[in-house]
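Participant: Numbering (the working numbering), first residue to last: 2 to 129.
Where a beta carbon is used, it is the ideal one built from N, C-alpha and C, also for glycine.
Input: one structure, supplied below.
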């Protein structure tokens with residue numbers, strides 16, 4: 002059975018933001034949610050160097066964009082990925098390193114009532 006690097010990244014995000022929906026596809030828009038996707042990255046026989054895109058969305062109870070919450074969620078997930086890089090199985094895969102990219106405040110016109118902070122990073126996963 003194939004194991005998914007996106008599933009491992011999702012497991013890290015779920016541990017970093019308990020109670021916040023984390024998925025690869027967005028089917029609804031709750032006040033807070035996280036989208037995880039693979040944006041590229043090479044893999045060889047031993048290591049998968051997946052470029053992971055993490056998007057954190059937040060809106061207020063009144064339905065307005067909530068930039069501070071989206072930024073706080075993204076920062077918490079940057080920390081969660083750093084901790085995950087110290088090793089340990091995540092969704093059946095062994096994460097060996099994490100190289101974070103920068104945090105970006107980037108509006109998404111599909112979700113005008115949400116603020117979005119996002120970042121990319123390379124998740125190193127052992128394939129053996």
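Quick one: using the 10 Å Cβ neighbour count with 16 as the cut-off for buried, is residue 118 buried or exposed?
Facilitator: By the neighbour-count rule (16 or more Cβ atoms within 10 Å), residue 118 is buried.
Participant: Output the boundary residues of the alpha helix (DSSP H) element that contains residue 11.
Facilitator: Residues 6–17.
Participant: Under 9 Å, do residue 6 and residue 75 count as touching if we go by C-beta distance?
Facilitator: no
Participant: Let me check one thing: in DSSP terms, what residues is residue 66 bridge-paired to?
Facilitator: 60
Participant: Let me know the secondary structure DSSP gives residue 2 once reduced to three states.
Facilitator: Any reading at residue 2 must be qualified, since the residue scores a pLDDT of 46, below 50, and its modelled position is unreliable; the value itself is stated next. Reduced to three states, the DSSP call for residue 2 is coil.
Participant: What first and last residue would you give for the beta strand (DSSP E) that runs through residue 100?
Facilitator: 94–101
Participant: Can you check DSSP and say which residues form a bridge with residue 48?
Facilitator: 127
Participant: What's the C-alpha gap between residue 65 and residue 12?
Facilitator: When rounded, the distance between both Cα atoms is 28 Å.
Participant: Using a Cβ-Cβ cutoff of less than 6 Å, which residues in the same chain neighbour residue 101 once the five nearest sequence positions on both sides are dropped?
Facilitator: 79 and 122
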